Amino acid sequence: MAVMHAVSRSAEAPSINAQTAREWYRLMHTGRLIDDRAWILFKQGKGWSYLATCSGHEPIQLALGLSFRPNKDYLFPYYRDQLTCLAAGLTLDEIMLNGLSRRDDVAAGGRHMSNHFSKPEIGIQNTSSCVSNHALHAVGVARAVKYYKSDALTFCSFGEASASEGYVFEAFNGASREQLPVIFVIQNNKYGISVPVHEQTANEIVADNFVGLKHLHIIRCDGTDPIDSRLAMDEAMDYVRTGKGPALVHAQCVRIGPHSNSDKQESYRSDQEISEVATQDPLPRFRAYILEKGLLSEKELGEIEAENKRLVNEAAARGEAAPTPDPNSIYDFAVAPVYEVEETPTPASDEKEKMRESINRTLHEEFKRNPHTF
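All you need for my numbering is the position in the sequence shown, starting with 1, plus 279.
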């Protein structure tokens, strides 16, 4: 199976400088090392009960994460967005604590499935285990952003198989109709677990399914090229900031390895395809680009790699030594705190009302009473 890419615009773009190359390579290499360490911890039975790596998606995730402004924007990642979250503001320790389900995990205190990265305090929202329903959450937040006249942006990321879910169609339709400030990113690695993209969707270029939406600006990019990915994200942000509507970045990626730790890719991918995909690995390709352009030397790249290995190893060791959640905390957050109302209307003794009528009446009353419902 051939590996396809959108036409890259990076060949015509000015080259990045040495400082940018250093930072981008540092992040991309760190993301790969985290993936490698996560596999080891999983096989040792220490953590990452669920593991879906970012390997092959690094450039588009780098561009997405760096586009996010902590404490300003809202980011709704999906389970493969490890590097997205690292670039957006998660620390190495926070990622390890999540993967190892430790007490001080900033996402949920060790309660989530692993690979559900988040940091609500800076705007990285909790990952949903229901595939792609976070698209609706993102649109809801974008609606509030527009209503309150904020200049924040909302970002929402998912794989191409998720785009076949009804949640995504609803989200795209609603965001387009109301011209909301949200940027969707489809990371197309051409497989929904074991199902190839041509068996998933009406159009192999998944974004083509949505060309009829009036205000949705669609951008295709090479998700294995960090420069092209960054240019695509910049174009998306520029468009959304005009107030014309949402943007969709369709990034062609490659999936290096299985879907997750729950499948065996050799059962549905040929040896030839697996070998071909390995040649498209964006990490060594970007490394070669840096050397070719003279941005950094072999010695400088080696120093970055050695330092990254040290930092990842130390973070993993701290994570393993970190305390696990208190078993008694299982009762925390099981039910919402009791809300003490000041006044409760009492219906007439002979008044009868069906449950659905009560719910509808309550909603109508809340919409009239509360200006923050809309």
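We put the CB at the ideal spot given by N, CA and C, even for glycine. Quantities reported herein were computed from a predicted structural model and do not represent experimental measurements.
- When the beta-carbon positions are compared, D360 and A431 stay at least 8 Å from each other.
- Counted as a single uninterrupted DSSP element, the beta strand (DSSP E) harbouring R499 occupies residues H496 to D501.
- Looking at the backbone, the Cα of I553 and that of V474 are separated by about 15 Å.
- About 6 Å separates the CB atoms of A386 and F396; that is less than 8 Å, so the two are in contact.
- For L580 and R348, the gap between their C-alpha atoms comes out near 27 Å.
- Counting only runs of 4+ residues, the alpha helix (DSSP H) found wholly inside the segment 528–583 occupies 550–558 and 561–571, in chain order.
- Sorting I609, V614, V519 and K633 by C-alpha distance to the C-alpha of S346 places V519 at the top.
- Membership of G438 in the beta strand (DSSP E) is indicated by the continuous run T433 to G438.
- For L354, the uninterrupted beta strand (DSSP E) segment begins and ends at Y353 to F355.
- In this structure, L527 sits near F463, with a CB-CB distance shorter than 8 Å.
- Annotation for V620: no beta strand (DSSP E) segment contains it, and DSSP assigns it neither H nor E.
- A residue is called buried when at least 16 other Cβ atoms come within 10 angstroms of its Cβ; N649 does not meet this threshold and is exposed.
- Excluding sequence positions up to five before and after I401, its CB lies within less than 6 Å of the CB of P349, N350 and G368, all in the same chain and listed in chain order.
- With distances taken between CA atoms, N377 lies nearest to N405 out of N405, N488, F434 and Y446.
- Comparing C-alpha distances from G326 to each of S407, L379, S436 and L574 shows the shortest one belongs to L379.
- Inter-residue distance for E545 and K493 is about 42 Å (C-alpha atoms, whole angstroms).
- Within the DSSP secondary-structure output, Y470 pairs in a beta bridge with P475.
- Between Y304 and I506, the C-beta spacing is not below 8 Å.
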